[in-house]
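Engineer: Pasting a structure below so you can have a look.
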Amino acid sequence: MTDYSHEKADVRMNNLFLNTSAYWARYSEYEYRKGRDDILYLAPTPKAKPMVYDALKDGEAMVVDAINVGMLAMKRAEENEVRQAVLDFVKSYGLLGFMTALPTTTQFMDYGAVYLPKNHFIRDETMPTQDYLSVFFPFKYPDFSKDRRTARWNVSGDAEMMALAAAFEQDSMAMAMSLQRDYAERYDWLLAQFKDWAFIFTTSFLYYSDYDSVDEVTRDLYRQGMAAFSGIAPTYRIALREKPVILWDFHSLLLGIQIMLSFMLVDDGKPLRCCKHCQSAFAAGHPSAVFCSPRCKNQFNVYKNRGK
Numbered sequence: 012m013t014d015y016s017h018e019k020a021d022v023r024m025n026n027l028f029l030n031t032s033a034y035w036a037r038y039s040e041y042e043y044r045k046g047r048d049d050i051l052y053l054a055p056t057p058k059a060k061p062m063v064y065d066a067l068k069d070g071e072a073m074v075v076d077a078i079n080v081g082m083l084a085m086k087r088a089e090e091n092e093v094r095q096a097v098l099d100f101v102k103s104y105g106l107l108g109f110m111t112a113l114p115t116t117t118q119f120m121d122y123g124a125v126y127l128p129k130n131h132f133i134r135d136e137t138m139p140t141q142d143y144l145s146v147f148f149p150f151k152y153p154d155f156s157k158d159r160r161t162a163r164w165n166v167s168g169d170a171e172m173m174a175l176a177a178a179f180e181q182d183s184m185a186m187a188m189s190l191q192r193d194y195a196e197r198y199d200w201l202l203a204q205f206k207d208w209a210f211i212f213t214t215s216f217l218y219y220s221d222y223d224s225v226d227e228v229t230r231d232l233y234r235q236g237m238a239a240f241s242g243i244a245p246t247y248r249i250a251l252r253e254k255p256v257i258l259w260d261f262h263s264l265l266l267g268i269q270i271m272l273s274f275m276l277v278d279d280g281k282p283l284r285c286c287k288h289c290q291s292a293f294a295a296g297h298p299s300a301v302f303c304s305p306r307c308k309n310q311f312n313v314y315k316n317r318g319k
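Start counting at 1 in the sequence shown, then tack on 11, and there's your number in our numbering.
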């Protein structure tokens, strides 16, 4: 009897995101700016135009691009090259949305304090809400006030920002604020997150590619590295359409990339691979693929033949 269980599992996995959209906003231009204590931030330029798009429409490409930014940093490329790679990613997809990705809930505006699980960026377990906002609005604090029960945010005066806030009015106030032009994210945080994704990818890839050539101690190190890969899971709901479908609620680009990467790492049908020639990550169209493009395959064969 033929066992189709793996094939059926792949089909179910591919369908998990079939009916899901994760709308996000990116701006036409971003720039690096220094804030207090010489901290470097990445933010939209003052006159940048926002655009709302479906971040999961080409989620595989976004995940691969994120991994390759991290791999560039891990290779210790020149600092200006790494900064440009981070900037190029943000121009393509937007900022990661750390403000809503880190807390235990995206509805933290309703509370007097923000509660934070263990993470790489903020050591405090709790922070006053207004102090937490100042981390992500280092140049211009939003017109925001809060009493014990009610949070008020005034976005009047900028038609584009008002329209953007209206587009995400069904989401949390925090998520809408994280898409405003005055929102900024630290460069060192962005870089650390990209490197973290690259580390997880290389750990998974090397564990299987080197399995027979390394000892059990090394294998256990790989397993421990993978065990550190965790994060807040997205919420979901079931919608009754032609048939019941799962709709995921992604409240940050970071969370979208995190969950997409997780499923790509366990996908046998189109696995993540490291190109044998250029060492870039790519989503393989076939489980046995080892080159990210025909060009890399040809160049590898040319260099190989020259060495003979």
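Ideal placement from N, C-alpha and C gives every residue a C-beta, glycine not left out.
Predicted, not measured: the structure shown is a model, and the values here were computed from it.
Under the rule that 16 or more other beta-carbon atoms within 10 Å means buried, what is T117, buried or exposed?
Structural biologist: It is buried - the Cβ of T117 has at least 16 other Cβ atoms within 10 Å.
Engineer: Buried or exposed for Y198, please, with buried defined as at least 16 other CB atoms from any protein chain shown within 10 angstroms of its CB.
Structural biologist: Buried, by the Cβ-count rule.
Engineer: If you drop the 5 nearest sequence neighbours on each side, which residues of the same chain put their C-beta closer than 7 Å to that of F119?
Structural biologist: Correct list, in chain order: V125, T140, A185.
Engineer: Could you please give the first and the last residue of the uninterrupted beta strand (DSSP E) stretch that includes T137?
Structural biologist: Where T137 is concerned, the enclosing beta strand (DSSP E) stretches over 137–139.
Engineer: How far does the alpha helix (DSSP H) with E71 in it reach, from first residue to last?
Structural biologist: Here the alpha helix (DSSP H) through E71 covers 70–85.
Engineer: Look up T56 in the DSSP assignment and say whether it is helix, strand or coil.
Structural biologist: In this structure, T56 counts as coil in the three-state DSSP scheme.
Engineer: Can you round the beta-carbon distance between V75 and A292 to whole angstroms, since I take them to be within the 8 Å contact cut?
Structural biologist: Sure, about 5 Å apart at Cβ, within 8 Å.
Engineer: Does the segment 154–166 come into contact with the segment 94–108, if we say contact requires no fewer than three beta-carbon pairs (one atom in each stretch) closer than 8 Å?
Structural biologist: Short answer: they don't touch.
Engineer: Quick check on the burial criterion: 16 or more other C-beta atoms within 10 angstroms. Buried or exposed for A187?
Structural biologist: Buried is the call here.
Engineer: When the distance is taken between beta carbons, is A36 closer than 7 Å to P61?
Structural biologist: Cβ atoms of P61 and A36: closer than 7 Å.
Engineer: When the Cα of N165 is compared with those of A203, P298, D154, which residue comes out closest?
Structural biologist: Taking only the C-alpha atoms, the option nearest N165 is D154.
Engineer: According to DSSP, L251 sits in a beta bridge with which residue or residues?
Structural biologist: According to DSSP, L251 bridges with P255.
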